[in-house]
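*Asks:* Following our numbering from start to finish, the sequence shown increments by one per residue and tops out at 466.
Every residue, glycine too, gets a C-beta built ideally from N, C-alpha and C.
No experiment lies behind these values; they were computed from the predicted model shown.
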Amino acid sequence: MAALRPSLRACEVRHGDVLTHQGAAVTHVYFPETAQLANTVTFADGRSAEPFVMGTEGVSALAACLTEKPCAWSVDVEVSGLTYQLPASVLREQAAGSPEVRRTLDDITYDYQVQAALAAACASLHAAPARLAKLLLIRSDRLGVPLLHLTQEELAQRLGLLRSTVNTSANRLKADGAIEYSRGNITIRNRSALISAACECYLEQGAVLQGKAHCPKNPERA
Numbered sequence: 245m246a247a248l249r250p251s252l253r254a255c256e257v258r259h260g261d262v263l264t265h266q267g268a269a270v271t272h273v274y275f276p277e278t279a280q281l282a283n284t285v286t287f288a289d290g291r292s293a294e295p296f297v298m299g300t301e302g303v304s305a306l307a308a309c310l311t312e313k314p315c316a317w318s319v320d321v322e323v324s325g326l327t328y329q330l331p332a333s334v335l336r337e338q339a340a341g342s343p344e345v346r347r348t349l350d351d352i353t354y355d356y357q358v359q360a361a362l363a364a365a366c367a368s369l370h371a372a373p374a375r376l377a378k379l380l381l382i383r384s385d386r387l388g389v390p391l392l393h394l395t396q397e398e399l400a401q402r403l404g405l406l407r408s409t410v411n412t413s414a415n416r417l418k419a420d421g422a423i424e425y426s427r428g429n430i431t432i433r434n435r436s437a438l439i440s441a442a443c444e445c446y447l448e449q450g451a452v453l454q455g456k457a458h459c460p461k462n463p464e465r466a
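Shown next, in the form of structure tokens:
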């Protein structure tokens with residue numbers, strides 16, 4: 245991925261920014277460094293869900309970029325921080341001309357397929373409290389902190405659930421001593437209890453992500 249470095253541009257992004265709009269052509273891709281990005285699918289009635297979140301292991305809108313098709317989801321900034329922006333045309337050129345770049349992108353695409361399959365199965369088969377526990381653990385792992393700033397509305401959007409369901413699930417985890425929850429702040433109090441409450445997808449997804457970091461850092465910022 246070193247071949248991409250000359251074309252990278254360091255880009256600070258903020259929570260709530262939309263980097264790629266649903267249905268739009270992909271003009272740039274983003275390699276998260278300290279930021280976290282979310283794929284968000286929005287339906288005609290305004291409801292939305294975030295089936296996928298990426299950190300340093302990811303590249304935004306990768307499949308849409310490589311196939312030159314409109315992006316079927318939006319790419320939103322979930323956690324403010326640093327990304328590296330790259331013109332989509334450059335990524336396509338490098339993928340076509342460099343076996344090393346192509347192999348890395350193929351690996352990332354495979355990881356995405358695994359995580360998409362897990363997300364679909366999880367949403368269909370696992371209970372809301374277990375899914376909430378998984379989400380909190382993954383976010384805490386990526387940020388490296390036990391305190392998470394998430395409102396019930398944000399959690400409902402990420403999980404595709406009603407706010408009342410999120411509230412009931414959070415109260416159950418709180419009653420079990422796994423978390424404290426107040427005014428949009430969630431603190432993980434007992435990580436072991438939260439892992440026990442989470443569905444098996446947490447460990448499965450962790451195995452996929454372990455050791456994955458594909459951001460080709462700009463030498464000027466490394």
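Measure the beta-carbon distance from Y425 to A414 and round it to whole angstroms, keeping in mind my assumption that it falls under 8 Å.
*Replies:* Sure, about 5 Å apart at Cβ, within 8 Å.
*Asks:* Report the option in W317, L281 and R253 whose CA atom is closest to the CA atom of F287.
*Replies:* Of W317, L281 and R253, the residue nearest in Cα terms is W317.
*Asks:* Quick check on DSSP: helix, strand or coil for H259?
*Replies:* Coil, per DSSP.
*Asks:* Quick check on T311: does DSSP put it in helix, strand or coil?
*Replies:* Looking at T311 - three-state DSSP - the assignment turns out to be helix.
*Asks:* Using a 10 Å radius around the Cβ and a threshold of 16 neighbouring Cβ atoms, would you call E322 buried or exposed?
*Replies:* Buried: at least 16 other Cβ atoms inside 10 Å.
*Asks:* If you count every other CB in all the chains shown that lies within 10 Å of the CB of P521, and 16 or more means buried, which is it?
*Replies:* Within the shown structure, residues of the chain are numbered from 245 to 466, placing residue 521 beyond reach of any answer.
*Asks:* What do you reckon, are the CB atoms on A308 and G404 nearer than 8 Å?
*Replies:* No; because the gap between Cβ atoms is not below 8 Å, this pair is not in contact.
*Asks:* Determine the direct distance from the alpha carbon of V389 to that of V273, and round the result to whole angstroms.
*Replies:* Cα to Cα, V273 sits roughly 27 Å from V389.
*Asks:* Suppose only complete runs of 3+ residues qualify. What are the beta strand (DSSP E) ranges in the stretch 278-309, listed by chain order?
*Replies:* The stretch 278-309 contains these whole beta strand (DSSP E) runs: 280-286 and 292-298.
*Asks:* For A466, collect the residues of the same chain with a Cβ closer than 7 Å to its Cβ; drop the 5 residues on either side in sequence, then sort them by chain order.
*Replies:* Reliability fails at A466, whose pLDDT of 43 lies under 50, so the model's placement of it is uncertain and no value is given.
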